[in-house]
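Protein chains in written order, with my numbering: chain A, 504 to 672; chain B, -1 to 261.
Structure, as structure tokens:
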């Protein structure tokens, strides 16, 4: 079964090897919820990742190219079954990144999001998701490669990021 | 030359610094042997402690750091004019005084009230940085996006160089800054394109690796990855050895790998 990817704002909210001493058993800190709460609209944006993860870096480049600056890319990859366990329905919907192919083929939305279901998903992810980071330098290379291969549409990338990619301020 | 301060009775462990070496190089008008002019030999983390004083005030710490900065880049401080060298000596005089030593210099005569006049712009910048850090506690920083804090912080660095970084350094190294704000600041310190402050920025980023806050250590690691300067490799290796959080250790290892392959 393929995986899902959720972009995280900061993976250091997800450090599970050193939970705070006050944390009761079977509970998670509240901080990871900040990476799951829908920001614009009612849905949670996720991406489908192939079994062999062959599209992971392209998805990362797609998301990162929708930003203002080259930055690190923190993300969680987790089995699709975690979403089933949380009770959140999944629907295919177009993404809004500069990569049209990725938008059409790999973007998904978690819909009908309730607080209870969100917490359930966060708990499952906190325990089972793989939390990783791609450093800014590699993100820069991935975006440049995407532009070169015409996977990313330059017209959809903001000027600031284009300047940043060229090493200007 | 190694300078050894013997603590007052009742305190422990003598404090050893490489001050003499740095001071000597500075007075010769050269930078350190690595050629980067950075200040890693100065263990500012040990400023608090066995010196007969329980802690130093911010003003004293500022003077101390300024003194050493002055040695490395006195000529960059055009806004301080001719008094920068005097301030360096004043700072050293105070530092050596705290350590129980006498420091003499006869390079320049002190102009009347020079310090009072020249402290004023530093106070203003200090206030601006402190206000910025305080206000940023209410900001949410988004990956890959500029924030009010980042725009202002970068602008202050570009306008005031080392002086602005010093004020940020005081907040970050004293751990008075909110960890998320300090982390964000360190990340941006790695991104700023400002060659005149490179050595100070890398010094502060390396110091950030020793913070008690994981967020701040993470921000320091990210700042170093942006800076991509192999000079940070030894500090990163030490940080990895010390790191108790496996996830953060892996992130720092990733940065180390990058720097090891940097041109």
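Backbone N, C-alpha and C fix where the C-beta goes; we use that ideal spot for every residue, glycine too.
Just to make sure I have the definition right: I need the residues of chain A whose C-beta is within less than 9 Å of the C-beta of residue i. Which are they?
i, result
"residue 235 of chain B", "Correct list: empty, because the minimum Cβ distance to chain A is about 17 Å."
"residue 214 of chain B", "Those do not exist, as residue 214 of chain B stays about 10 Å from chain A at its closest Cβ, beyond 9 Å."
"residue 256 of chain B", "638, 640, 641"
List, in chain order, every chain B residue whose beta-carbon is nearer than 7 Å to that of residue i.
i, result
"residue 520 of chain A", "243, 244, 245"
"residue 546 of chain A", "Neighbours of residue 546 of chain A on chain B: none; closest Cβ ~18 Å, over 7 Å."
Expressed to the nearest angstrom, what Euclidean distance is found between the alpha-carbon atoms of residue i and residue j?
i, j, result
"residue 169 of chain B", "residue 559 of chain A", "39 Å"
"residue 511 of chain A", "residue 204 of chain B", "26 Å"
"residue 515 of chain A", "residue 575 of chain A", "12 Å"
"residue 632 of chain A", "residue 160 of chain B", "42 Å"
"residue 246 of chain B", "residue 525 of chain A", "21 Å"
"residue 254 of chain B", "residue 239 of chain B", "12 Å"
"residue 670 of chain A", "residue 620 of chain A", "43 Å"
"residue 602 of chain A", "residue 616 of chain A", "26 Å"
"residue 121 of chain B", "residue 167 of chain B", "14 Å"
"residue 248 of chain B", "residue 504 of chain A", "27 Å"
"residue 136 of chain B", "residue 209 of chain B", "22 Å"
"residue 567 of chain A", "residue 237 of chain B", "28 Å"
"residue 174 of chain B", "residue 639 of chain A", "28 Å"
"residue 573 of chain A", "residue 130 of chain B", "23 Å"
"residue 658 of chain A", "residue 195 of chain B", "35 Å"
"residue 580 of chain A", "residue 537 of chain A", "17 Å"
"residue 234 of chain B", "residue 577 of chain A", "20 Å"
"residue 46 of chain B", "residue 557 of chain A", "Legend: pLDDT at residue 46 of chain B = 39, less than 50; position of this residue unreliable, value from coordinates given subsequently. Those two C-alpha atoms are separated by around 52 Å."
"residue 220 of chain B", "residue 583 of chain A", "30 Å"
"residue 604 of chain A", "residue 218 of chain B", "36 Å"
"residue 587 of chain A", "residue 550 of chain A", "15 Å"
"residue 509 of chain A", "residue 661 of chain A", "22 Å"
"residue 543 of chain A", "residue 648 of chain A", "29 Å"
"residue 555 of chain A", "residue 506 of chain A", "10 Å"
"residue 523 of chain A", "residue 147 of chain B", "29 Å"
"residue 132 of chain B", "residue 637 of chain A", "30 Å"
"residue 111 of chain B", "residue 521 of chain A", "Note on residue 111 of chain B: pLDDT 40, under 50, position unreliable in the model; no value is reported."
"residue 627 of chain A", "residue 600 of chain A", "27 Å"
"residue 32 of chain B", "residue 201 of chain B", "Because residue 32 of chain B carries a pLDDT of 39, less than 50, the predicted location of this residue cannot be relied on, and the following value inherits that uncertainty. Cα-Cα distance, rounded: 13 Å."
"residue 251 of chain B", "residue 608 of chain A", "34 Å"
"residue 158 of chain B", "residue 123 of chain B", "8 Å"
If residue i and residue j are in contact, beta carbons under 8 Å, what's the gap, nearest whole angstrom?
i, j, result
"residue 610 of chain A", "residue 589 of chain A", "Going by Cβ atoms, the distance from residue 610 of chain A to residue 589 of chain A rounds to 19 Å, so no, they are not a contact pair."
"residue 192 of chain B", "residue 155 of chain B", "6 Å"
"residue 518 of chain A", "residue 212 of chain B", "7 Å"
"residue 571 of chain A", "residue 664 of chain A", "6 Å"
"residue 139 of chain B", "residue 189 of chain B", "That belief does not hold up - the Cβ atoms of residue 139 of chain B and residue 189 of chain B are roughly 13 Å apart, past 8 Å."
"residue 163 of chain B", "residue 199 of chain B", "6 Å"
"residue 650 of chain A", "residue 624 of chain A", "With 8 Å as the limit, residue 650 of chain A and residue 624 of chain A do not qualify as a contact, their Cβ atoms being about 34 Å apart."
Can you list the residues of chain A that residue i reaches, using a CB-CB cut of under 7 Å?
i, result
"residue 221 of chain B", "Here the premise fails: no neighbours, minimum Cβ distance about 10 Å."
"residue 226 of chain B", "640"
"residue 253 of chain B", "638"
"residue 249 of chain B", "636"
Interface residues of chain B around residue i at Cβ under 9 Å?
i, result
"residue 570 of chain A", "140, 141, 142, 143"
"residue 643 of chain A", "Under the 9 Å cutoff, chain B gives no residues; its nearest Cβ is about 10 Å from residue 643 of chain A."
"residue 666 of chain A", "Correct list: empty, because the minimum Cβ distance to chain B is about 11 Å."
Closer than 8 Å by beta-carbon distance: list the chain B residues that pair up with residue i, in chain order.
i, result
"residue 567 of chain A", "142"
"residue 512 of chain A", "139, 140, 141"
"residue 659 of chain A", "Within 8 Å Cβ-Cβ: nothing; residue 659 of chain A doesn't reach chain B, min ~15 Å."
"residue 606 of chain A", "Neighbours of residue 606 of chain A on chain B: none; closest Cβ ~18 Å, over 8 Å."
"residue 558 of chain A", "Within chain B, no residue comes near residue 558 of chain A; the closest Cβ sits about 20 Å away, beyond 8 Å."
On a Cα-Cα basis, can you pick out the residue from the options that is closest to residue i?
i, options, result
"residue 149 of chain B", "B:186, B:175, B:172, B:162", "B:186"
"residue 528 of chain A", "A:630, A:643, A:652, A:646", "A:630"
"residue 214 of chain B", "B:138, B:165, B:171, B:124", "B:171"
"residue 182 of chain B", "B:201, B:151, B:195, B:231", "B:151"
"residue 545 of chain A", "A:627, A:666, A:664, A:612", "A:612"
"residue 153 of chain B", "B:216, B:241, B:127", "B:127"
"residue 256 of chain B", "B:140, B:202, B:207, B:222", "B:222"
"residue 513 of chain A", "B:216, B:129, B:190, B:125", "B:216"
"residue 622 of chain A", "A:604, A:547, A:634", "A:547"
"residue 533 of chain A", "A:598, A:591, A:653, A:618", "A:618"
"residue 606 of chain A", "A:666, A:587, A:627, A:654", "A:654"
"residue 643 of chain A", "A:635, A:660, A:667, A:634", "A:667"
"residue 145 of chain B", "B:179, B:261, B:164", "B:179"
"residue 645 of chain A", "A:521, A:541, A:565, A:539", "A:565"
"residue 228 of chain B", "B:143, B:123, B:260", "B:260"
"residue 143 of chain B", "A:634, A:569, A:614, A:652", "A:569"
Could you tell me whether any non-hydrogen atom of the ligand FAD is closer than 8 Å to the CB of residue i?
i, result
"residue 162 of chain B", "This structure does not include the ligand FAD; it has no bound ligands of any sort."
Anything in chain D within Cβ reach of residue i, meaning under 8 Å, just list it in chain order.
i, result
"residue 575 of chain A", "Of the protein chains in the structure, A and B, none is chain D."
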